[in-house]
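Below is one structure, written out as structure tokens; the observations come after it.
Number of protein chains: 2
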Amino acid sequence: MKIELSQKQADAIRYVRNWLMNKGKTPSVRELMTALGYKSPRSAAIIIEELIRKGILKKRSNGDLQLIKDIDADSVHARTVDIPLVGMVTCGVPIFAQENIEGFIPVSVSLAKPGFKYFLLRAKGDSMNQAGIDEGDLILVRQQSVAKNGDIVVALIDNDAIVKEFQHHKNCVVLMPKSNNKKHKPIILTENFQVQGVVVTTIPNLEV
Amino acid sequence: MKIELSQKQADAIRYVRNWLMNKGKTPSVRELMTALGYKSPRSAAIIIEELIRKGILKKRSNGDLQLIKDIDADSVHARTVDIPLVGMVTCGVPIFAQENIEGFIPVSVSLAKPGFKYFLLRAKGDSMNQAGIDEGDLILVRQQSVAKNGDIVVALIDNDAIVKEFQHHKNCVVLMPKSNNKKHKPIILTENFQVQGVVVTTIPNLEV
DNA sequence: TACAAAGTGTATAATAGTGTATAATAAAAG
DNA sequence: CTTTTATTATACACTATTATACACTTTGTA
Numbered sequence: 093m094k095i096e097l098s099q100k101q102a103d104a105i106r107y108v109r110n111w112l113m114n115k116g117k118t119p120s121v122r123e124l125m126t127a128l129g130y131k132s133p134r135s136a137a138i139i140i141e142e143l144i145r146k147g148i149l150k151k152r153s154n155g156d157l158q159l160i161k162d163i164d165a166d167s168v169h170a171r172t173v174d175i176p177l178v179g180m181v182t183c184g185v186p187i188f189a190q191e192n193i194e195g196f197i198p199v200s201v202s203l204a205k206p207g208f209k210y211f212l213l214r215a216k217g218d219s220m221n222q223a224g225i226d227e228g229d230l231i232l233v234r235q236q237s238v239a240k241n242g243d244i245v246v247a248l249i250d251n252d253a254i255v256k257e258f259q260h261h262k263n264c265v266v267l268m269p270k271s272n273n274k275k276h277k278p279i280i281l282t283e284n285f286q287v288q289g290v291v292v293t294t295i296p297n298l299e300v
Numbered sequence: 093m094k095i096e097l098s099q100k101q102a103d104a105i106r107y108v109r110n111w112l113m114n115k116g117k118t119p120s121v122r123e124l125m126t127a128l129g130y131k132s133p134r135s136a137a138i139i140i141e142e143l144i145r146k147g148i149l150k151k152r153s154n155g156d157l158q159l160i161k162d163i164d165a166d167s168v169h170a171r172t173v174d175i176p177l178v179g180m181v182t183c184g185v186p187i188f189a190q191e192n193i194e195g196f197i198p199v200s201v202s203l204a205k206p207g208f209k210y211f212l213l214r215a216k217g218d219s220m221n222q223a224g225i226d227e228g229d230l231i232l233v234r235q236q237s238v239a240k241n242g243d244i245v246v247a248l249i250d251n252d253a254i255v256k257e258f259q260h261h262k263n264c265v266v267l268m269p270k271s272n273n274k275k276h277k278p279i280i281l282t283e284n285f286q287v288q289g290v291v292v293t294t295i296p297n298l299e300v
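Each protein sequence line maps, in turn, to chains A and B.
Residues in the first sequence are numbered from 93 upward in steps of one, following my numbering.
Residues in the second sequence are numbered from 93 upward in steps of one, following my numbering.
Right under this line is the structure:
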């Protein structure tokens with residue numbers, strides 16, 4: 093199924109995706125306006141309406157946008173798969189639920205191997221900079237609920253997605269930070285919590 | 093039944109929980125304000141109003157807040173509370189005094205249950221290695237002044253935090269070492285000494 | 001007891017940002 | 001030319017946040 097796109101609409105999609113990758117959220121109407129060279133918010137709003145009508149964008153309940161499908165994926169790059177970018181993790185909701193997914197980013201199949209389930213996460217804070225993960229990086233995570241000692245895992249703690257080193261001891265599990273910054277503490281847990289996945293690789297933030 | 097929470101609201105809940113755990117009361121509007129990074133009490137008040145509306149907080153007759161239901165600790169999302177790490181115990185100073193606390197470490201609420209007061213202690217020496225406590229281990233201690241026979245208790249003797257097995261006899265209390273090292277002797281005390289707490293669990297050799 | 005200081009919850013108005021809608025204008029097409 | 005389309009300037013309603021003020025309680029001190 094081919095979708096007809098105007099030049100401006102294609103630009104808008106690319107812009108939304110880049111904004112999503114670099115800032116972790118979709119742009120506002122006025123931000124899209126200036127990015128596309130318009131001088132009125134109405135112009136950008138019309139582009140958005142069209143893309144929603146074509147099923148590429150969606151409007152969430154809170155008003156934010158959501159990038160449903162990536163238009164490059166089915167046309168140009170055959171050797172990529174669309175991996176969901178998980179934003180704010182909503183309380184009590186599976187990490188792959190619709191409301192957690194900000195959009196889809198094409199990732200090379202040499203990283204995201206067929207047969208496994210992956211998601212992308214945006215790193216915040218510097219608690220993992222010793223492990224090569226800096227603020228704003230995108231983290232490619234393979235979904236699995238088991239981990240072995242030394243794995244860098246993603247876990248949901250206190251309504252936040254935490255990325256730390258997994259250490260299983262006799263009675264408990266400790267999630268260790270890999271920062272040299274003393275302010276980052278380990279987290280001590282019982283065994284009855286769920287690991288969301290293990291980090292495969294990180295994609296450095298292109299911006300800055 | 094799921095409750096939609098914004099990030100700020102989730103932060104607020106965690107903050108209230110920790111405040112409750114460590115200070116025995118809920119924070120004031122302005123304390124929550126600074127904790128959440130706001131600059132106006134109105135902003136924190138709105139968060140509180142929302143959480144009251146969602147049935148998570150409640151306002152008592154005297155105006156204090158009350159944490160009605162913490163989001164149920166299911167297997168996916170682990171909840172934590174910040175437990176003070178007590179370093180060197182200073183002479184004559186209560187164990188929870190500011191000068192004794194090195195920092196706070198998040199511990200799962202399934203280990204540190206709300207309603208009790210806990211602290212973490214670093215084990216030194218090998219007097220408890222038979223009981224699975226080695227040098228450098230972190231010990232999670234529930235604060236209480238009574239103990240029953242067989243409990244591993246923390247007691248302050250001669251300005252030192254001692255971890256030993258509690259045994260109450262007719263006229264005296266004996267603190268038994270559990271080491272196979274002969275140099276560690278039992279300590280015989282009269283009843284007028286203070287038990288600081290009982291050991292809940294130990295975390296092997298955590299470098300913080 | 002009286003007073004002052006600090007901390008409390010609450011309320012108001014102002015600001016900045018948001019999405020959206022209207023009517024006027026400019027460009028393109030018939 | 002007229003008609004249609006795209007774009008503009010502008011306004012409106014809404015939300016989040018801010019600075020600030022007010023009335024009240026507690027607390028220590030003179």
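The beta-carbon is built from N, C-alpha and C at its ideal position, and this holds for glycine as well.
Proximity of MET220 of chain A to chain B, defined by a Cβ-Cβ separation below 8 Å, is not satisfied. Counting only Cβ-Cβ distances below 7 Å, HIS261 of chain A has contacts in chain B at ILE295, PRO296, in chain order. Close CB contacts of ASP252 of chain A within its chain, under the 8 Å cut and outside five residues either way in sequence, are with VAL181 (chain order).
Put simply, the CB of ILE139 of chain B is far from chain A, with every gap to its CB atoms at 8 Å or more. Of A:ARG234, A:LYS115, A:LYS205, the smallest CA-CA separation from GLU194 of chain A is found for A:LYS115. Between VAL265 of chain B and LEU281 of chain B, the C-beta gap is smaller than 8 Å, which places the two residues in contact.
Straight-line spacing of the CA atoms in LEU124 of chain A and GLY207 of chain B works out to 50 Å. The residue from A:PHE188, A:GLU96, A:ILE175 with its alpha-carbon nearest to that of LYS146 of chain A is A:GLU96. For VAL201 of chain A, same chain residues with a beta-carbon under 7 Å away, outside a window of 5 residues either side, are ARG171, THR172, VAL173 in chain order. The beta carbons of VAL233 of chain B and VAL290 of chain B sit closer together than 8 Å. Nearest neighbour of PRO176 of chain A by Cα position, chosen from A:VAL255, A:LYS270, A:ILE197, A:GLN158, turns out to be A:ILE197. Within the DSSP secondary-structure output, GLU194 of chain A pairs in no beta bridge. Only residues of its own chain outside the window of five on either side were considered, and among them GLN286, VAL287 have a CB closer than 7 Å to the CB of SER237 of chain B, listed in chain order. Between ILE144 of chain A and SER132 of chain B, the alpha-carbon positions lie close to 38 Å from each other.
Put simply, the backbone Cα of ALA223 of chain A is about 11 Å away from that of MET268 of chain A. A direct Cα-to-Cα measurement between GLN190 of chain A and VAL245 of chain B gives close to 49 Å. With its beta carbon less than 8 Å from one in chain B, THR282 of chain A belongs to the interface. Contact between ASP229 of chain B and THR294 of chain B holds: their C-beta atoms lie close to 5 Å from each other, under 8 Å. Using a Cβ-Cβ cut-off of 8 Å, ALA102 of chain B is close to CYS183, ASP250, ASN251, ASP252 of chain A, given in chain order. With respect to the 8 Å criterion, ILE105 of chain A and ILE148 of chain A are classified as neighbours on the basis of their beta carbons.
Taking C-beta atoms as the reference points, ARG109 of chain A and LEU159 of chain A count as a pair closer than 8 Å.
Among the bridge pairs identified by DSSP, ARG234 of chain B is matched with B:TYR210, B:VAL290. Residues of chain A whose Cβ lies closer than 9 Å to the Cβ of SER200 of chain B are, in chain order, ILE249, CYS264, VAL265, ILE279, ILE280, LEU281, THR282, ASN284, PHE285. In this structure, the straight-line span from the alpha carbon of LYS277 of chain A to that of LYS100 of chain B is close to 21 Å. Cα atoms of ASN221 of chain A and LEU203 of chain A: separation of roughly 21 Å, rounded to the nearest angstrom. Between LYS275 of chain A and the set A:GLY217, A:GLN259, A:VAL185, the nearest pair of CA atoms involves A:GLY217. A direct Cα-Cα distance of roughly 11 Å separates ASN154 of chain A from SER98 of chain B. If the five residues before and after PRO296 of chain B are omitted, its C-beta is found closer than 6 Å to the C-beta atoms of ASP229, all from its own chain and listed in chain order. In the three-state reduction of the DSSP assignment, SER120 of chain B falls in the coil class.
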